[in-house]
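S.K.:
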Amino acid sequence: MATAYDVIVVGGGNAGMCAALAAREQGARILVLEKAPEAWRGGNGFFTAGGFRFAFKSFEELCELVGDLSDEEKASMEVDPYTEDQFYDDLMRVTEDCADPDMAMLVVRESQATVRWMRDRGIRWIPMFGRQAYKVGNKFRFWGGLVLEAVGGGPGLIDMAYASAAKAGIEARFEAKATRLLADDRGAVTGVVVRTPAGTEPVAARAVVLAAGGFEANPEMRTRYLGRNWELARVRGTPYNTGDAIRMALEIGALPWGHWSGCHSVQWDLNAPWHGDRKVGDNFQKHSYPLGLMVNLQGERFVDEGADFRNYTYVKYGRAVIEQPRRTAFQIFDQKVLHLLREEYRIREVTKAEDATLEGLARKLEIDVEGFVRTVTAYNTAVQPGTYNPAVKDGKGTRGLTPPKSNWALPLDAPPYVGYAVTTGISFTFGGLKITERAQVVDCEQRPIPGLYAAGELVGGLFYHNYPGGAGLMAGSVFGRTAGRAAAQATLGR
Ligand SMILES: Cc1cc2nc3c(=O)[nH]c(=O)nc-3n(C[C@H](O)[C@H](O)[C@H](O)COP(=O)(O)OP(=O)(O)OC[C@H]3O[C@@H](n4cnc5c(N)ncnc54)[C@H](O)[C@@H]3O)c2cc1C
Numbered sequence: 239m240a241t242a243y244d245v246i247v248v249g250g251g252n253a254g255m256c257a258a259l260a261a262r263e264q265g266a267r268i269l270v271l272e273k274a275p276e277a278w279r280g281g282n283g284f285f286t287a288g289g290f291r292f293a294f295k296s297f298e299e300l301c302e303l304v305g306d307l308s309d310e311e312k313a314s315m316e317v318d319p320y321t322e323d324q325f326y327d328d329l330m331r332v333t334e335d336c337a338d339p340d341m342a343m344l345v346v347r348e349s350q351a352t353v354r355w356m357r358d359r360g361i362r363w364i365p366m367f368g369r370q371a372y373k374v375g376n377k378f379r380f381w382g383g384l385v386l387e388a389v390g391g392g393p394g395l396i397d398m399a400y401a402s403a404a405k406a407g408i409e410a411r412f413e414a415k416a417t418r419l420l421a422d423d424r425g426a427v428t429g430v431v432v433r434t435p436a437g438t439e440p441v442a443a444r445a446v447v448l449a450a451g452g453f454e455a456n457p458e459m460r461t462r463y464l465g466r467n468w469e470l471a472r473v474r475g476t477p478y479n480t481g482d483a484i485r486m487a488l489e490i491g492a493l494p495w496g497h498w499s500g501c502h503s504v505q506w507d508l509n510a511p512w513h514g515d516r517k518v519g520d521n522f523q524k525h526s527y528p529l530g531l532m533v534n535l536q537g538e539r540f541v542d543e544g545a546d547f548r549n550y551t552y553v554k555y556g557r558a559v560i561e562q563p564r565r566t567a568f569q570i571f572d573q574k575v576l577h578l579l580r581e582e583y584r585i586r587e588v589t590k591a592e593d594a595t596l597e598g599l600a601r602k603l604e605i606d607v608e609g610f611v612r613t614v615t616a617y618n619t620a621v622q623p624g625t626y627n628p629a630v631k632d633g634k635g636t637r638g639l640t641p642p643k644s645n646w647a648l649p650l651d652a653p654p655y656v657g658y659a660v661t662t663g664i665s666f667t668f669g670g671l672k673i674t675e676r677a678q679v680v681d682c683e684q685r686p687i688p689g690l691y692a693a694g695e696l697v698g699g700l701f702y703h704n705y706p707g708g709a710g711l712m713a714g715s716v717f718g719r720t721a722g723r724a725a726a727q728a729t730l731g732r
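For the sequence shown, our numbering gives the first residue as 239, with consecutive numbering after it.
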């Protein structure tokens, strides 16, 4: 079989496009295989806000990355530096110290360099004024270590990446699903079998980069690995990430690695469709719960809504909701905080109710009335005095309440009350393949499989239990760039 390509990239999401761009700039001939039709290109990357978490030493460094902030905009922003140490500590803390320290360090150290590399390849950035800052006085106070997003969010990120790839002469085939890895008798990968509507064919290459996402859109695998009821979770993004590349790699002896029973999931509108809607994007999510109360159908609270900034709790709480009766929860707010809710609360496709009384709201949302009133009364009594500030961890909490609300606790007493009904939406899975620092896939004997590289969601070992917001795109970009560069260098004998 002739090799028309040096490197085949399986999956045309964010990680795959970074791999393709990095391999191309080494001079390699590249083919991107994408299972989805072109109208669905970009995988989960399309559905994101395009938020990237990276380390930076100063506000000036950030401004330089954005490039075109006016003096007025700069003066309106208050941003603390986010150091490499802070990023590393956040990764280790939220993953309960399970993250592989070498992988975590690589992501942290390479984060800003990779954002710069992407900028030089046409990806542009803007501050996340709407989602990551609160206006305190006349300043936007940014919080939670996440400041920049791609211009145009996820759709913008994907458009810019594909434009850059086209300019670099990278070929992408849509409706081209990789079904099997080809390997020689030494076990070295020599290509993939591809299925298209026209039929099945082998395509040879000197190296393959797997970047085909996790198994979040595969209900059978979700139930098998994540557990009971996960087949009932809504898929937040692409329906095409069904674990194909993980399976293909395991079939040739790759080592399963990472948190196979763990995933990234969030609170998601109760009536959202079974998988992502490209028009609504990530707006089915409901992320302003630290400003209010969360209860289940019995009217009982079950998490500390104010344990930390939402960036550090929203993933855990997605899982907490699936454990509630009928996998349902309600976020309750009063008039004091309504103006602070994120824009996703103001979309048409939202399941909400409003009422002048707590009893009326509970009835409309079908929450147990007595339980709900009891919970709110106990909560209001437990709220302690203090200065409320949603942009910092204000320590204004409750006393003597289980679970507590540790920050941002205001009494719920300003009607009309508004409640939003949510269930669990899964974003991506944490279990996958083990890779080296050059993104080579490792086999069950801990040896790199010649010619096989991986990046993005299907890499295990970085995220466990929880996840700091904005780290998925960043890790995918770092490992995508690493994988593309290493695969190209190996095939070109460098
Ligand atoms: C709604 C939502 C919002 C998010 N917001 C953010 C955010 O703001 N910041 C952040 O950092 N992360 C965010 N994430 C997580 C982020 O989307 C992922 O970490 C990232 O997109 C993963 O990149 P990837 O390239 O590995 O996967 P994807 O972007 O999903 O790409 C995988 C691609 O592989 C293709 N594919 C699958 N199987 C095959 C096959 N057999 N052959 C060929 N192609 C195949 C798929 O069609 C898909 O296009 C969000 C996720 C969701 C769902």
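Even for Gly, the Cβ is constructed at its ideal location relative to N, Cα and C.
Here the structure is a predicted model, which means the values were calculated and not measured.
Starting from R676 and walking both ways along the beta strand (DSSP E), at which residues does that stretch end?
M.R.: Neither: R676 is in no beta strand (DSSP E) and is coded neither H nor E.
S.K.: Report the rounded CA-to-CA distance for R516 versus A620, giving the unit in angstroms.
M.R.: Approximately 42 Å between the Cα atoms of the pair.
S.K.: With distances taken from CA atoms, which of G250, L488, V345 and S296 is nearest L690?
M.R.: Checked all of G250, L488, V345 and S296; the closest Cα to L690 is L488.
S.K.: Go ahead and pull the three-state DSSP assignment for R291.
M.R.: R291: coil per DSSP, three-state reduction.
S.K.: May I ask you to check if the CB of N549 is nearer than 6 Å to at least one heavy atom of ligand 1?
M.R.: Not so, every heavy atom of ligand 1 lies at least 6 Å from the Cβ.
S.K.: Rounded to whole angstroms, what is the Cα-Cα separation between G633 and L650?
M.R.: Whole-angstrom Cα-Cα distance: 17 Å.
S.K.: Ordered along the chain, which non-local residues of its own chain (more than five positions away) have a Cβ less than 7 Å from that of Q264?
M.R.: The answer, listed in chain order, is R723, A726, Q727 and L730.
S.K.: Could you check which residue in D323, Y326 and E469 has the C-alpha nearest to that of I664?
M.R.: Per the Cα distances, E469.
S.K.: Specify whether the region 447-463 and the region 690-702 touch according to this definition: at least 3 beta carbon pairs, one from each stretch, less than 8 Å apart.
M.R.: Counting Cβ pairs under 8 Å, three or more are found: they touch.
S.K.: Is it buried or exposed, N645, if we count other Cβ atoms within 10 angstroms and call 16 or more buried?
M.R.: Buried, by the Cβ-count rule.
S.K.: Between which residues of its own chain and C682 is the CB-CB distance below 7 Å, once the five residues before and five after are set aside?
M.R.: The answer, listed in chain order, is G491 and L493.
S.K.: With burial defined as no fewer than 16 other Cβ atoms inside 10 Å of the residue's Cβ, what is the status of Q350: buried or exposed?
M.R.: Classification for Q350: buried.
S.K.: Tell me the DSSP secondary structure of C256 in three-state form.
M.R.: Three-state result, C256: helix.
S.K.: Considering Cα atoms alone, identify which of I605, R433 and I687 is closest to L271.
M.R.: If we check each option's Cα against that of L271, R433 comes out closest.
S.K.: Going by other Cβ atoms of all chains shown within 10 Å of its Cβ, with 16 needed for buried, is S402 buried or exposed?
M.R.: That one is buried.
S.K.: E272: beta carbon under 6 Å from a heavy atom of ligand 1?
M.R.: Yes.
S.K.: If I measure Cβ to Cβ from A414 and keep anything under 6 Å in the same chain, skipping five residues before and after, which residues do I get?
M.R.: Result list for A414: L271, V432 and T434, in chain order.
S.K.: On a Cα-Cα basis, can you pick out the residue from A426, A274 and Y655 that is closest to P688?
M.R.: When only C-alpha atoms are compared, the closest one is A426.
S.K.: Indicate, with yes or no, if ligand 1 has a heavy atom lying under 6 Å from the CB of F285.
M.R.: Correct: F285 has its Cβ closer than 6 Å to ligand 1.
S.K.: Straight-line CA distance for S715 to A253?
M.R.: If I take the Cα positions, the gap works out to 5 Å.
S.K.: Looking at the structure shown, is A339 part of a helix, part of a strand, or coil, going by DSSP?
M.R.: Per the sequence shown, residue 339 should be read as Pro rather than Ala. It is helical.
S.K.: With three or more C-beta pairs closer than 8 Å as the rule, is the region 495-513 touching the region 652-671?
M.R.: Yes, the region 652-671 is in contact with the region 495-513.
S.K.: From the DSSP output, in three-state form, read off P528 for me.
M.R.: P528: helix per DSSP, three-state reduction.
S.K.: Along the beta strand (DSSP E) that carries L639, what are the first and last residues, could you check?
M.R.: Segment: none, L639 is in no beta strand (DSSP E) and carries neither H nor E.
S.K.: Within 10 angstroms of its Cβ, does T333 collect 16 or more other Cβ (buried), or is it exposed?
M.R.: It counts as buried.
S.K.: Under the criterion of a Cβ to heavy atom distance below 6 Å, does Y478 qualify as lining ligand 1?
M.R.: Yes - ligand 1 has a heavy atom lying nearer than 6 Å to the Cβ of Y478.
S.K.: What are the uninterrupted segments assigned as beta strand (DSSP E) that are 3 or more residues long and contained completely in the region 261-310, given in chain order?
M.R.: The region 261-310 contains these whole beta strand (DSSP E) runs: 268-271.
S.K.: State the Cα-Cα distance for the pair D422 and V441, rounded to the nearest angstrom.
M.R.: Near 14 Å, if we compare the C-alpha coordinates of V441 and D422.
S.K.: Is the separation between the beta-carbon of L648 and that of Y626 shorter than 7 Å?
M.R.: Against a cut-off of 7 Å, the Cβ pair of Y626 and L648 comes out as a contact.
S.K.: Between the region 518-530 and the region 546-566, can you find at least three pairs of beta-carbon atoms closer than 8 Å?
M.R.: Yes, the region 546-566 touches the region 518-530.
S.K.: Going by alpha carbons, who is nearest to E409 out of F522, E276 and M343?
M.R.: Of the listed residues, the one whose Cα sits closest to E409 is E276.
S.K.: Figure out for me which residue from A260, V247 and D328 has the closest Cα to the Cα of Y702.
M.R.: With distances taken between Cα atoms, Y702 lies closest to D328.
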